[in-house]
Structures are given as C-alpha cells and as structure tokens.
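*Asks:* Residue numbers for the sequence shown follow my numbering, beginning at 383 and rising by one. Ideal placement from N, C-alpha and C gives every residue a C-beta, glycine not left out. It should be emphasised that the depicted structure is a prediction, and the values quoted were computed from it without experimental measurement. Questions regarding the structure given below will be posed in turn.
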Amino acid sequence: MLLNILQRTILMELIKVFVLALLGLTGLFLIAGLIQEASQRGLSPSQILAAIPLLIPNTLPYTIPATTLFATCVVYGRLSADNEVTAIKAAGVNPIMLLKPALLLGIGTSVVTATLYYSVIPQTHQIMRTRFLSDGEEVIYNVLKRERRLVFPNFPYAMFVREIQGRRLIDVIFKRRVKMGGIYVGYDLVAQAREARLRVDQENNIIHIDMDRCSVFESDKDVVGNLLHRSFPIPLPETLFGKDDRPKPMALTIPELRIEQVKQATILNDLTREMANAQKEAQRPDNTPERANEIKLHLSNLDNRLKDQKRVISGLATELNARPAIAFGCLCFVLIGCPVGIWASRSDYLSSFVSCFLPIIFVYYPLLLSATNLAREGKAPAVGTLWIPNAVLFLASLFLIRRMIRR
C-alpha cells in the first residue's frame with residue numbers, strides 16, 4: 383500500500399501523537415497496577431522494580447485502543463480545523479484517501495495487541511506467579527511487617543505478631559478458625575509463642591510456622607499444653623498467591639488454550655457417558671430403596687460436575703475468542719475517530735476525543751462486558767457474541783464515513 387507525501391505526513395503525525403499518548407497513559411496505568419499489586423501482595427521495593435516489565439504488557443490492551451482513538455481525533459481534528467480537508471476536497475481528491483494512514487495505524491495496533499494476547503501477556507502472568515511463589519516467604523514477611531498480622535476473609539487461619547526482627551517473629555499468636563454454615567464463627571486452636579519463624583514449602587504450597595516455647599489450647603481437648611517447639615503447616619493464602627489447582631484461562635497462551643479445550647472436552651465426554659450409564663442403572667426394576675437413593679445422589683453429583691465442566695469449557699472458549707475481538711477493536715476505534723475528528727473540526731482536540739470516547743464507554747464496553755458474561759456462562763456462543771460490539775462500531779463508522787464524504 384503506497385502512500386503519497388500527504389499520507390506519509392499524516393501517518394508520521396499519527397505515530398508521534400500515538401507514541402506520546404501511549405507512554406503517558408501506560409505510565410498512569412502502570413502506577414495504578416503497581417499500587418494494587420504492592421498493597422495486595424505486600425511487595426518489597428526490589429519486587430516492585432522486578433514487576434514493572436511484567437505489568438507493562440498487561441496494561442497495553444487497555445491503553446492502546448484509547449491512545450489510537452486519541453491520536454486519530456487529534457490529527458484529523460487539526461486537519462479539519464486548519465481547513466486542509468476542505469482544500470483537499472476542492473482539489474478533487476477523494477476524502478477516503480485521507481483515511482489510509484489511519485487504517486495503517488489501526489491495523490498495526492490490532493496486530494500488536496493480538497500478538498500480546500497470543501503469548502506475551504499469558505507468559506508474563508506465569509512468570510509473575512512463579513516469582514511470587516519463589517519469593518513466597520519474602521511476600522509473607524512483608525505483609526507481616528506492614529500489618530503485623532496475617533488475616534484474610536476466606537483463610538482458615540490467622541496470625542498476629544508484635545514485632546519482627548529479621549526473620550524472627552516476636553510474640554506470635556496463631557489461631558485456627560472454625561467454619562459453620564459457610565462462615566467462620568470462632569477458633570478451635572490458639573497457640574502463643576515468644577518467638578517463631580516461617581518456612582515456605584514451594585513444592586507443596588505450604589507455610590510452616592515454627593514456634594519456640596509456645597502454649598497451645600485446643601477446644602476439643604479442653605487443655606493447654608506448653609511445648610518447647612511446635613510447627614504448624616498451613617496452605618499459602620489464596621488472596622496473596624491465588625489458586626493453583628486449575629490454570630486460569632488468562633494465564634494460558636493461545637496454543638495452550640486449544641490444548642486445554644481438548645482436555646476439558648474429553649473430561650466432559652467422560653462425564654456424559656458416566657451420566658448415561660447412571661441413568662440406565664437408575665431405571666433397573668430390581669434396585670433396592672438403598673441402591674435407588676445411592677444412585678440418586680450419584681446422579682445429582684454428576685449433574686453438578688457436568689454444569690461445572692460446561693462452565694470451564696465456556697470460559698476457555700470465551701478467552702480464546704475475546705482476545706482477537708478486543709484486538710480488532712483498535713481498528714474500529716480508528717474508523718470512528720477519523721470522521722468524528724473531521725466532523726468536529728476543532729483545534730481543541732481534547733473536546734473531539736471526549737465527544738468520541740464517551741459513546742464508546744457507554745456503548746462499546748457495556749456491550750463487550752455483557753457479551754463476555756453471556757459467553758462465559760454458556761448462554762450464548764462465544765464465536766459470534768464477542769464480535770457484536772465490534773460490529774456495532776464498524777456499522778457506526780460506515781455511517782459516519784458516508785456522511786463525511788457527502789459533506
């Protein structure tokens with residue numbers, strides 16, 4: 383696709399504004415992401431610095447579409463405000479030719495976003511999780527230094543410390559919580575020690591709390607024991623480290639997603655066959671009442687497992703189709719931004735950007751979230767549903783471009 387001098391000039395302006403806006407917006411998103419990760423996981427300064435290059439790719443799918451739209455509104459708004467678009471039309475040049483540089487920018491940003499989603503972003507998720515697990519002991523010590531406690535809503539243990547000296551925890555209280563009716567109502571074990579240390583078993587995702595000179599009270603035994611040494615193994619808090627029993631779709635590359643789809647589909651087929659066999663077994667006339675109740679419970683369990691498995695497969699399909707759909711949104715943003723920038727005809731580029739971006743916020747992103755939820759719950763096919771927001775933007779852009787040409 384050859385460009386003339388005017389188109390090359392427009393393209394260079396687009397790239398310049400895009401890069402400057404991308405650096406600024408990505409920096410803001412990065413700061414917000416670092417604050418969230420540092421407060422949630424208790425990161426040390428060295429860990430924050432190490433996390434910066436891993437967080438940058440995760441912010442780009444959110445900042446690239448916005449900066450692409452901003453660049454097109456700025457550049458084409460300037461062209462229109464300086465009456466250059468009018469001069470081009472008067473010279474007999476088709477206004478469509480003005481859109482070629484923006485199309486190149488939109489295609490380029492869509493390809494970059496798709497590439498990030500293909501492997502870069504999932505790999506950074508995996509690297510970040512591996513680093514957090516490898517530095518699990520450091521993360522937990524940082525949380526204790528900052529808050530003097532280790533307490534999370536859905537964590538069955540609680541620990542409080544008065545002081546931390548290096549790796550030594552001074553005046554430690556450890557409690558095991560009791561769960562009744564889905565909520566924690568108290569404690570069935572309380573241990574207090576003058577000093578304790580932490581050890582993280584990375585292979586089994588377990589923290590060992592080694593207590594010296596501790597007193598232990600257990601409600602079921604109704605006694606207090608004084609021990610020179612006792613170790614309490616507890617699982618790593620999911621709030622800090624997440625679950626590791628099932629890989630999250632966002633942490634899988636595109637090839638890994640396809641492999642996981644095949645794996646989960648095989649499990650679904652096995653469950654379906656097991657359900658069919660159980661239903662046949664339930665229809666046998668010689669079943670005793672005890673056997674009938676046993677089969678009924680088994681069928682109920684299989685039904686729940688089937689529903690859960692279908693949700694897993696729907697989640698994988700949603701992730702697999704959402705990534706290219708979001709990437710293609712960059713091109714749709716460009717097609718919207720060009721005619722709006724020219725139509726607004728303002729040198730005040732911020733007003734043009736806001737007038738263009740607000741409808742996208744209130745139309746495109748709600749549609750995208752709704753489509754994602756419907757696809758993830760299995761209520762709509764992911765293949766077509768996730769492309770509806772892009773189709774709406776594309777049709778709107780065709781209408782705006784048609785009006786621009788007529789004017």
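#1: What does the Cβ neighbour count give for residue 715, buried or exposed, with the cut at 16 atoms within 10 Å?
#2: Write down the C-beta distance between residue 410 and residue 438 rounded to the nearest angstrom, noting that I regard them as a contact closer than 8 Å.
#3: Contact between the segment 702 to 713 and the segment 490 to 499 is defined here as three or more beta-carbon pairs at a separation below 8 Å; is this criterion met?
#4: What whole-angstrom Cβ distance do residue 408 and residue 441 have, given they're in contact under 8 Å?
#5: Taking 8 Å as the threshold (C-beta atoms), are residue 541 and residue 528 in contact?
#6: Between the alpha carbons of residue 675 and residue 562, how many angstroms are there, rounded?
#7: Considering only their Cβ atoms, is the gap separating residue 385 from residue 453 smaller than 8 Å?
#8: Looking at the secondary structure, which residues open and close the beta strand (DSSP E) in which residue 646 lies?
#9: How many Å lie between residue 679 and residue 635 at the Cα?
#10: For residue 551, which residues does DSSP report across the bridge?
#11: Taking DSSP's pairing of strands, which residues face residue 583 in a bridge?
#12: How far does the alpha helix (DSSP H) with residue 759 in it reach, from first residue to last?
#13: Suppose the cutoff is 6 Å on Cβ atoms and the five residues either side in sequence are ignored; what does the same chain contact list for residue 694 look like?
#14: Return the chain-ordered list of same chain residues with a C-beta closer than 8 Å to the C-beta of residue 687, the five sequence neighbours on each side being excluded.
#15: Which two residues bound the contiguous alpha helix (DSSP H) that contains residue 685?
#16: Suppose contacts are defined by Cβ-Cβ distances below 8 Å. Is residue 446 in contact with residue 491 by that definition?
#17: What distance in whole Å lies between the Cβ atoms of residue 612 and residue 598, which are believed to be in contact at a cut-off of 8 Å?
#18: Check the DSSP bridge columns for residue 540 and list the partner residues they point to.
#19: Could you give the C-beta distance for residue 477 and residue 787, rounded to a whole number, given that I count them as a contact under 8 Å?
#20: Which same chain residues end up closer than 6 Å to residue 735 when comparing Cβ atoms and leaving out the 5 residues on each side of it in sequence?
#21: Buried or exposed: where does residue 390 fall if 16 or more other Cβ atoms within 10 Å of its Cβ makes it buried?
#22: Would you grab the beta carbon distance between residue 661 and residue 639 for me? Rounded to a whole angstrom, and I think it's under 8 Å.
#23: How long is the line joining the alpha carbons of residue 618 and residue 700, rounded to whole angstroms?
#24: Below 6 Å CB to CB, which residues in the same chain sit around residue 657 once its five sequence neighbours on both sides are set aside?
#25: Rounded to the nearest angstrom, what separates residue 507 and residue 554 at their Cα positions?
#26: Would you list the one or two residues that DSSP bridges to residue 611?
#27: Short check: CB of residue 432 to CB of residue 559, under 8 Å?
#28: Buried or exposed: residue 596, going by 16 or more other Cβ atoms within 10 Å of its Cβ?
#29: Do residue 778 and residue 767 have their C-beta atoms within less than 8 Å of each other?
#30: Which residues does DSSP pair with residue 616 in a beta bridge?
#31: Pick out whichever of 427, 578 and 534 has its Cα sitting closest to the Cα of residue 546.
#32: Residue 610 and residue 592: beta carbons closer than 8 Å?
#33: So, residue 650 versus residue 689, is the Cβ gap smaller than 8 Å?
#34: Can you check which of these residues, 785, 538, 781 and 746, is closest to residue 769 by C-alpha distance?
#35: List the whole-angstrom C-beta distance separating residue 457 from residue 525, where the pair is believed to meet the contact cut-off of C-beta under 8 Å.
*Replies:* Checking against the coordinates, here is how it stands:
#1: Here residue 715 corresponds to residue number 333 of the sequence shown, with the count starting at 1. With 16 or more other Cβ atoms from the protein chains shown falling within 10 Å of its own Cβ, residue 715 counts as buried.
#2: Taking the first residue of the sequence shown as position 1, residue 410 is located at position 28. Taking the first residue of the sequence shown as position 1, residue 438 is located at position 56. Contact between residue 410 and residue 438 fails: their C-beta atoms lie close to 12 Å from each other, not under 8 Å.
#3: Inter-segment contact for the segment 702 to 713 and the segment 490 to 499 is present: three or more beta-carbon pairs are separated by less than 8 Å.
#4: For the purposes of this step, residue 408 is taken as residue 26 along the sequence shown, with counting starting at 1. For the purposes of this step, residue 441 is taken as residue 59 along the sequence shown, with counting starting at 1. Confirmed, about 5 Å.
#5: Numbered from 1 along the sequence shown, position 146 holds the residue referred to as residue 528. Numbered from 1 along the sequence shown, position 159 holds the residue referred to as residue 541. Their beta carbons are not under 8 Å apart, which means residue 528 does not touch residue 541 by this criterion.
#6: In the sequence shown, the residue the question calls residue 675 occupies position 293. In the sequence shown, the residue the question calls residue 562 occupies position 180. Taking the straight line joining both Cα atoms gives about 26 Å.
#7: If you number the sequence shown from 1, residue 453 lands on position 71. If you number the sequence shown from 1, residue 385 lands on position 3. With contacts defined by Cβ atoms closer than 8 Å, residue 453 and residue 385 do not form a contacting pair.
#8: Here residue 646 refers to the residue found at position 264 when the sequence shown is read from its first residue. If you look at residue 646, you'll find it isn't in any beta strand (DSSP E); it sits in the alpha helix (DSSP H) that goes 636 to 664.
#9: Within the sequence shown, the letter at position 297 stands for residue 679. Within the sequence shown, the letter at position 253 stands for residue 635. Linking residue 679 to residue 635 through their CA atoms gives a straight-line distance of about 38 Å.
#10: The residue labelled residue 551 in the question sits at position 169 within the sequence shown. Looking at the DSSP output, residue 551 bridges to 546 and 578.
#11: Here residue 583 corresponds to residue number 201 of the sequence shown, with the count starting at 1. Answer by DSSP bridge pairing, in chain order: 588.
#12: To locate residue 759, count along the sequence shown from 1; it is residue 377. Element bounds for residue 759: n/a, residue is neither H nor E.
#13: Taking the first residue of the sequence shown as position 1, residue 694 is located at position 312. By the criterion of a C-beta distance shorter than 6 Å, residue 694 is surrounded in its chain by 646, once the five residues flanking it on both sides are discounted.
#14: Start at 1 with the first residue of the sequence shown, and residue 687 comes out as number 305. Closer than 8 Å at Cβ, skipping near neighbours: 653.
#15: Looking up residue 685 in the sequence shown gives position 303. For residue 685, the enclosing alpha helix (DSSP H) stretches over residues 671 to 726.
#16: Residue numbering aside, residue 446 sits at position 64 when the sequence shown is read from its first letter. Residue numbering aside, residue 491 sits at position 109 when the sequence shown is read from its first letter. A contact, by the Cβ cut-off of 8 Å.
#17: One-based indexing of the sequence shown puts residue 598 at position 216. One-based indexing of the sequence shown puts residue 612 at position 230. Distance from residue 598 to residue 612 at the Cβ level is roughly 7 Å; contact confirmed, criterion being Cβ atoms closer than 8 Å.
#18: Along the sequence shown, read from residue 1 onward, the residue named residue 540 stands at position 158. Within the DSSP secondary-structure output, residue 540 pairs in a beta bridge with 557.
#19: Taking the sequence shown and counting its residues from 1, the one referred to as residue 477 is at position 95. Taking the sequence shown and counting its residues from 1, the one referred to as residue 787 is at position 405. That pair is a contact at about 6 Å.
#20: Looking up residue 735 in the sequence shown gives position 353. Cβ neighbours of residue 735 beyond the five flanking positions: 452 and 455.
#21: Against the sequence shown, residue 390 aligns to sequence position 8. That one is exposed.
#22: In the sequence shown, counting from the first residue as 1, residue 661 sits at position 279. In the sequence shown, counting from the first residue as 1, residue 639 sits at position 257. Not a contact, Cβ separation roughly 32 Å.
#23: For the purposes of this step, residue 618 is taken as residue 236 along the sequence shown, with counting starting at 1. For the purposes of this step, residue 700 is taken as residue 318 along the sequence shown, with counting starting at 1. Each residue's alpha carbon lies about 29 Å from the other.
#24: Translated into positions along the sequence shown, residue 657 becomes position 275. If we look at residue 657 and ignore the five residues flanking it on each side, its Cβ neighbours are 684.
#25: Indexing the sequence shown from 1 puts residue 507 at position 125. Indexing the sequence shown from 1 puts residue 554 at position 172. The straight-line gap from Cα to Cα measures roughly 34 Å.
#26: Residue 611 sits at position 229 when you count from the first residue of the sequence shown. Per DSSP, 594.
#27: The sequence position of residue 432 within the sequence shown is 50, counting from 1. The sequence position of residue 559 within the sequence shown is 177, counting from 1. For residue 432 and residue 559, no; Cβs fall outside 8 Å.
#28: Counting from one through the sequence shown, the residue named residue 596 turns up at place 214. Counting the other CB atoms within 10 Å of its CB gives residue 596 a total of 16 or more, which places it among the buried residues.
#29: Counting from 1 along the sequence shown, the entry for residue 778 is found at position 396. Counting from 1 along the sequence shown, the entry for residue 767 is found at position 385. Taking 8 Å as the Cβ cut-off, residue 778 and residue 767 do not qualify as a contacting pair.
#30: As a first step, residue 616 must be located in the sequence shown, where it is residue number 234. Per DSSP, 589.
#31: For the purposes of this step, residue 546 is taken as residue 164 along the sequence shown, with counting starting at 1. Of 427, 578 and 534, the residue nearest in Cα terms is 578.
#32: Translated into the one-based positions of the sequence shown, residue 610 becomes position 228. Translated into the one-based positions of the sequence shown, residue 592 becomes position 210. Cβ distance not < 8 Å, so residue 610 and residue 592 don't count as in contact.
#33: Translated into positions along the sequence shown, residue 650 becomes position 268. Translated into positions along the sequence shown, residue 689 becomes position 307. Taking 8 Å as the cut-off, the Cβ atoms of residue 650 and residue 689 do not count as close.
#34: Here the question's residue 769 lines up with position 387 in the sequence shown. Closest by alpha carbon: 746.
#35: Counting from 1 along the sequence shown, the entry for residue 457 is found at position 75. Counting from 1 along the sequence shown, the entry for residue 525 is found at position 143. No, residue 457 and residue 525 are not in contact; Cβ-Cβ is about 47 Å, not under 8 Å.
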